[in-house]
Each structure stands twice: as C-alpha cells, then as structure tokens.
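Q: My questions all concern the structure below.
2 protein chains.
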Amino acid sequence: MKPTTPIYQRVADDLRARIADGTLPPGGKLPTEAELRETYGTSSRSTVRQGLALLINEGLIVARRPQGYFVREMRPKVYRPQQDFRRKPPEVDIYTHLIASEDGRKPSQEIEVSIVQPSTVVKKRLGLTDNQFVATRRRTRFLDREAYDLNDSYVPLSLVQNSDWMIPGDVPRGTNTVLAELGKEIMGALDEIYIRMPTPEEVRRLQLGPGTPVAEHIATTYTADDDPVQVTINIVPGDRNVIVYERIKNPEDFEARPRYPWGTEK
Amino acid sequence: MKPTTPIYQRVADDLRARIADGTLPPGGKLPTEAELRETYGTSSRSTVRQGLALLINEGLIVARRPQGYFVREMRPKVYRPQQDFRRKPPEVDIYTHLIASEDGRKPSQEIEVSIVQPSTVVKKRLGLTDNQFVATRRRTRFLDREAYDLNDSYVPLSLVQNSDWMIPGDVPRGTNTVLAELGKEIMGALDEIYIRMPTPEEVRRLQLGPGTPVAEHIATTYTADDDPVQVTINIVPGDRNVIVYERIKNPEDFEARPRYPWGTEK
DNA sequence: GAGTGGTCTAGACCACATT
DNA sequence: ATGTGGTCTAGACCACTCA
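Residue numbers (numbering that gives the first Met the number 0), protein chains in the order written: chain A, 0 to 265; chain B, 0 to 265.
Printed below as a string of structure tokens:
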C-alpha cells in the first residue's frame with residue numbers, strides 16, 4: 000500500500016503549497032537548489048531540479064540565473080473585449096485604439112503584407128481550391144514594447160488585389176470597411192478557440208516563458224449569404240490576456256450591459 | 000557568435016520536426032532512450048531524457064512504460080457550441096443532451112450539491128458580502144467514460160434554498176428555468192476565458208496528461224436589471240475541446256448561420 | 001527474462017550577474 | 001571571486017509489461 004511519493008514530487012508539492020498560501024509571494028525568492036537538497040535529505044542535485052521543473056512547467060516559477068528561482072508574477076491581463084457585432088462588425092485594425100482607451104499602456108504593431116499559399120486550415124475555412132492564393136496581413140501587436148498577441152488575417156487574393164487591404168500599414172477605417180466597399184459586407188462570424196502549448200516559433204515571437212499556454216483563436220467572417228470572406232488567426236498568450244465575450248438576449252439592452260468590471264486580476 | 004545548441008535541444012528539435020512533417024505520425028513510436036543516446040553521440044541518458052521532457056511538456060508526445068515514447072494522438076474534439084442567447088438562455092443541465100445529438104458518444108455526469116463559503120472569484124462576481132453563503136452544483140461530465148470537463152455553478156444560498164436547484168441530480172427543465180421561476184430570469188451573460196496550466200487537483204479529476212493546458216471559462220449570468228444571479232466555472236481541457244462562438248449582426252438570420260462544419264480535426 | 005522508462009546518486013565544467 | 005543555475009556524464013536500482 001505505500002507507494003512513497005518521490006522526493007521530487009514532495010519538493011514540488013511543498014513549494015506549490017507555499018506559493019498557494021502566500022508564504023512565498025509573487026516575485027518572492029525560492030530556496031536555492033543547494034538549500035533544497037539539504038532540506039530534503041541527501042538527495043542529488045538533479046532530483047530537486049526535477050521538482051523545480053514541474054513548477055516551471057506549471058507556470059508557477061521562473062529561474063533567473065544566477066539569482067535563483069522566483070515565484071512568477073502575473074502581469075496585468077489585457078482587456079480583450081468582444082466587439083458588439085450587432086451594432087458594427089469587428090474592426091480588426093482599430094483594435095489597438097480600443098485597447099489604448101481602456102488601459103494606460105501604449106499600443107503599437109508591426110504589419111507585414113504578403114501573398115502566400117494558404118495552409119489547409121485557411122483553405123478549408125475559405126473554401127478554396129488547390130491553386131488559389133491568399134493575401135495575408137501578419138501583425139505582431141505590442142503594449143508598452145511587450146508583444147501581447149500575433150494576429151494573421153487571410154483573404155482570397157482575387158478579392159483584394161489592388162485594394163487598400165494590401166497596404167502594409169494600419170488601415171485607419173478598418174479592413175472590414177475595405178471589404179464592404181468591395182461588396183463583401185461582413186454579417187457574421189464563427190469563432191473557434193483551441194487551447195494548446197505554443198510552438199517554438201510562437202515562443203520566440205511572443206517571448207513566452209516556459210509553462211505558458213496559448214489560445215489559438217480562429218475567426219471566420221461571412222457575408223449575409225454565407226460566403227466566407229476572411230480568416231483571422233490570433234495567437235493569444237495565456238499569461239497576459241483574458242478573453243471576454245458578452246451574450247445578451249435583447250440587443251437593444253446592449254448599452255446597459257456590464258462590461259468587464261474586474262480590473263486586472265481575476 | 001556560435002552558441003552551439005545544447006544536445007537536448009537538438010534531440011527535441013529533430014523529433015519535433017519529424018512529428019510536424021509526418022515522418023513520425025500520431026500514435027507512432029519514437030526511438031527509445033538508448034537509441035537516441037546513440038544517435039546523438041555518446042551523451043548520457045539524462046540528456047536525451049531532457050530533450051524528451053521538452054516534447055512531453057509541449058503536449059506532443061507521451062511516455063508509456065515500458066513500451067516507449069509515442070506521438071500523442073489528439074482525440075476528436077468535443078463540439079461545444081455557444082447556445083443562441085437571443086432565442087433562449089443557456090441551459091446548463093441539458094448540455095449533455097445537446098452534445099449527445101451532435102456526436103455518437105454517450106454523455107454522463109456526476110453531480111454533487113453542497114453549501115460553501117464562496118471563493119473570492121465567486122464572491123466578487125455575485126457581489127456578495129463576507130458572511131453570505133452560496134449553493135454550488137459541482138459536475139464532472141463524461142463522454143464515453145472519459146472526463147471532458149468540470150463544471151461548477153454557484154448561486155447565493157438565499158436565492159435557491161428549498162428549490163429544485165438544490166436537487167443533487169439532473170434538473171431536466173434546466174437550472175435557468177428554475178431560476179426564472181424564482182423571479183430571476185436570465186437576460187445576459189459575461190464570459191471570461193483564462194488560459195493556464197491545470198492545478199494538480201484538475202489533473203487528477205480530468206486525468207490530464209502532462210503538457211495539457213486548460214481554459215477556465217467563467218460565465219456570470221444577469222437579470223434584465225443587471226443583477227448577477229449565477230457564476231459557472233468551467234474547466235475545459237485543451238486536448239479534447241474546441242470552444243466555438245458565433246457572432247451575427249441580425250439575429251433573425253440566425254437559422255442560416257454556418258454551424259461548426261469542420262468535424263473533429265482542425 | 002528482457003527491455004522499457006521512472007527515480008536517484010555523485011560528481012563535472014560552464015556562463016553569467018553581482019559583489 | 002563567489003555563487004547561481006545550465007548542461008552533461010556515467011553509472012545505479014526499481015516497476016512494469018510483454019513475449
């Protein structure tokens with residue numbers, strides 16, 4: 000009956016409990032590997048490191064060489080409201096301005112426009128055949144220099160060739176307005192949210208710490224006659240965002256709705 | 000300039016590439032630790048294990064002792080549609096029936112009802128003072144025996160005392176109907192979605208593999224006069240779910256909307 | 001019984017930030 | 001210069017499943 004819990008598990012469990020009850024506060028310093036080795040009997044260095052690795056992968060602590068291990072501080076989360084789709088379609092390029100008004104931090108973005116072969120994910124959602132190309136706007140968006148999401152939009156090339164959509168910079172009136180001028184007014188959208196660990200590429204672009212999962216948010220927008228127009232793939236780091244949706248029975252009540260009222264902490 | 004990449008990184012990078020390009024298909028067997036040790040020169044066992052640990056934490060592989068390491072197979076994702084809030088409020092307890100009709104798998108759930116002191120998360124959203132208690136329905140929901148989410152609802156105790164809400168079983172007409180009968184008709188909701196790694200408790204209850212992140216979905220429902228009624232906290236494992244929302248400009252078009260049409264794979 | 005991964009030991013040398 | 005974590009070596013014993 001007695002499957003004595005491994006030493007590295009006890010290390011992780013004890014430290015996790017001390018983090019949970021506040022004995023080790025956010026930003027606080029953990030014992031060094033040498034100290035832990037002593038605390039938990041004469042175990043070897045890799046054993047305590049194995050325990051610490053668990054906590055790193057849970058996103059609870061970070062290692063800062065050569066200062067030691069520290070309890071991770073959650074940066075304030077970004078308010079990411081779902082736009083009211085009943086009054087106006089979502090405007091992707093004015094996102095940063097929306098956020099700027101909610102928060103003291105300065106938004107900026109890097110935009111890169113190109114023509115590519117669509118991935119199967121994009122192809123399937125736009126209903127494309129094999130030899131059709133798509134135009135893509137790849138954005139990395141920052142708040143006070145810190146990257147806070149990746150946002151790549153795709154539309155069939157035939158649709159936007161020679162339009163403002165292809166301008167490699169901010170489109171002040173919003174890309175959806177451009178699409179409306181091209182006869183593709185957005186009337187609805189389907190959002191899919193996948194939860195997963197980031198790829199190494201995403202870790203690099205978003206400077207993610209270990210143990211930070213992401214949401215992959217795929218939004219497909221449609222015209223009134225169910226014609227898919229644009230696919231947007233949004234990579235949202237879990238440690239600096241909360242995704243907020245509002246649902247309401249009667250759209251006319253919208254003004255009275257509670258916005259996201261809980262500030263920066265859950 | 001040449002910071003030679005560590006051996007364990009090369010192990011992880013190579014294997015990750017082979018998984019990405021399909022050389023190692025889902026369910027396929029990786030080389031054993033001994034084989035990898037040989038492939039990457041005379042390195043020691045812990046070195047290759049360190050590389051494999053990276054892939055495990057990325058959710059790409061699993062270790063099955065004593066068969067070896069295998070590429071993780073994504074189980075078909077559960078369709079989790081956003082109910083149409085404009086026609087009827089969400090009915091939490093008939094969730095399982097909704098899903099049963101979309102999918103061949105058999106749903107079941109365990110429900111436990113109790114009275115507790117609210118956590119700060121719940122207290123804040125329900126606007127409670129310090130000495131108010133809440134009633135809670137904790138559910139673990141299964142599909143073909145596999146747990147696929149945790150769903151805990153909270154309402155002020157004063158509201159539902161002696162009502163059907165407290166029945167520790169399925170409430171066929173839905174808990175929101177019960178609340179409506181108590182004078183609290185749900186007219187809107189605010190959804191927050193946090194992305195994070197699971198707690199050990201969640202790992203246990205959902206039998207999560209390493210490297211599986213979760214979404215914590217907090218839904219707060221309101222009456223027409225902005226009175227919070229119920230908080231539901233839903234823990235959604237990332238490896239067996241996709242969260243789907245639909246947005247639409249004109250509610251009357253709803254019937255024509257595209258549902259989630261992409262089956263079990265992204 | 002053979003082979004797998006799980007746990008652990010007892011060292012080594014290194015890069016790096018702070019003192 | 002010191003002490004930290006990062007990487008690596010070269011073993012050990014164990015539990016478990018499969019042939």
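All C-beta atoms in this analysis are idealised placements derived from N, C-alpha and C, irrespective of residue type, glycine included.
It should be emphasised that the depicted structure is a prediction, and the values quoted were computed from it without experimental measurement.
List in chain order: all unbroken alpha helix (DSSP H) runs of 4+ residues lying wholly within the stretch 117–156 of chain B.
A: 119–125, all fully within the stretch 117–156 of chain B.
Q: Using the three-state DSSP reduction, which class does D190(A) fall into: helix, strand or coil?
A: Reduced to three states, the DSSP call for D190(A) is strand.
Q: For L53(A), which residues in the same chain have their Cβ closer than 6 Å to its Cβ, ignoring the five residues on either side in sequence?
A: Around L53(A): A11.
Q: For N56(A), go through chain B and note every residue whose CB falls closer than 8 Å to its CB, in chain order.
A: Per Cβ cutoff of 8 Å: N56, M196, P209 and G210.
Q: According to DSSP, is P199(B) part of a helix, a strand, or is it coil?
A: Looking at P199(B) - three-state DSSP - the assignment turns out to be helix.
Q: Taking the alpha carbon of R9(B) as the reference point, which residue from G27(B), T46(B) and V228(B) has its own alpha carbon closest?
A: Closest option to R9(B), Cα to Cα, is T46(B).
Q: Name the one or two DSSP bridge partners that S162(A) has.
A: Per DSSP, none; premise fails for S162(A).
Q: Which stretch, first to last residue, makes up the alpha helix (DSSP H) that contains G50(B)?
A: Unbroken alpha helix (DSSP H) run through G50(B): R44 to N56.
Q: Quick check on DSSP: helix, strand or coil for G182(A)?
A: Three-state result, G182(A): coil.
Q: Note down the Cα distance separating P5(B) from Y193(B), rounded to an integer number of angstroms.
A: The straight-line gap from Cα to Cα measures roughly 34 Å.
Q: Kindly list the residues whose CB is nearer than 6 Å to the CB of V112(B), restricted to its own chain and excluding five residues on each side of it in sequence; keep chain order.
A: Closer than 6 Å at the Cβ level, and outside the excluded window around V112(B), lie R136, M165 and P167.
Q: Between the beta-carbon of G67(B) and the beta-carbon of L29(B), is there less than 8 Å?
A: Yes. Within cutoff.
Q: In terms of residue numbering, what span does the beta strand (DSSP E) encompassing V235(A) cover?
A: Here the beta strand (DSSP E) through V235(A) covers P227 to P236.
Q: At least one CB of chain A closer than 8 Å to the CB of D163(B): is that the case?
A: Closer than 8 Å: no.
Q: Beta carbon of V70(A), beta carbon of I55(A): below 8 Å?
A: Going by C-beta atoms, V70(A) is not nearer than 8 Å to I55(A).
Q: In this structure, does DSSP put T3(B) in helix, strand or coil?
A: Correct three-state label for T3(B): coil.
Q: Check distances from the C-beta atoms of the stretch 23–45 of chain B to those of chain A and list, in chain order, the residues that come in under 8 Å.
A: Within the stretch 23–45 of chain B, the qualifying residues are S45.
Q: Flag Y153(A) as yes if its beta-carbon sits less than 8 Å from any beta-carbon of chain B, otherwise no.
A: It does not; no Cβ of chain B falls within 8 Å.
Q: By the 10 Å Cβ neighbour count, where 16 or more other Cβ atoms means buried, how is A134(A) classified, buried or exposed?
A: A134(A) is buried by the Cβ-count criterion.
Q: Tell whether a beta-carbon distance below 8 Å holds between E191(A) and V243(B).
A: Going by C-beta atoms, E191(A) is nearer than 8 Å to V243(B).
Q: Indicate whether at least one CB of chain A lies closer than 8 Å to the CB of D190(B).
A: Chain A contact via Cβ: present.
Q: For I217(A) and S152(A), what's the separation of their Cα atoms in angstroms?
A: In a straight line, the C-alpha of I217(A) is about 10 Å away from that of S152(A).
Q: For A223(B), report the span of its alpha helix (DSSP H) as first-last.
A: No alpha helix (DSSP H) contains A223(B), which DSSP labels as neither H nor E.
Q: Cβ atoms of P106(B) and L149(B): under 8 Å apart, would you say?
A: Not in contact: L149(B) and P106(B) (Cβ atoms no closer than 8 Å).
Q: Determine the chain A residues that contact A214(B) at a beta-carbon separation under 8 Å, and present them in chain order.
A: Going along chain A in sequence order, the residues near A214(B) (Cβ under 8 Å) are I192, I194 and A214.
Q: How far does the beta strand (DSSP E) with R63(B) in it extend, from its first residue to its last?
A: Segment I60 to R63, the beta strand (DSSP E) holding R63(B).
Q: Where R124(A) and T176(A) are concerned, what is the direct C-alpha to C-alpha distance, given to the nearest angstrom?
A: R124(A) and T176(A): Cα-Cα distance of roughly 21 Å.
Q: Which partner residues does P106(B) have in the DSSP bridge list?
A: P106(B) pairs with L142(B).
Q: With C-beta atoms as the reference, is R185(A) less than 8 Å away from T222(A)?
A: Before going on, a small fix: residue 185(A) reads as Ile here, not Arg. Closer than 8 Å, so yes.
Q: Within the continuous beta strand (DSSP E) that includes Y68(B), where are the two ends?
A: Run containing Y68(B): G67 to V70, per the beta strand (DSSP E) assignment.
Q: Under the rule that 16 or more other beta-carbon atoms within 10 Å means buried, what is G187(B), buried or exposed?
A: G187(B) is buried by the Cβ-count criterion.
Q: Have a look at A16(B) and I110(A) and give me their C-alpha separation to the nearest angstrom.
A: Approximately 28 Å between the Cα atoms of the pair.
Q: Report the rounded CA-to-CA distance for S43(B) versus R36(B), giving the unit in angstroms.
A: In a straight line, the C-alpha of S43(B) is about 7 Å away from that of R36(B).
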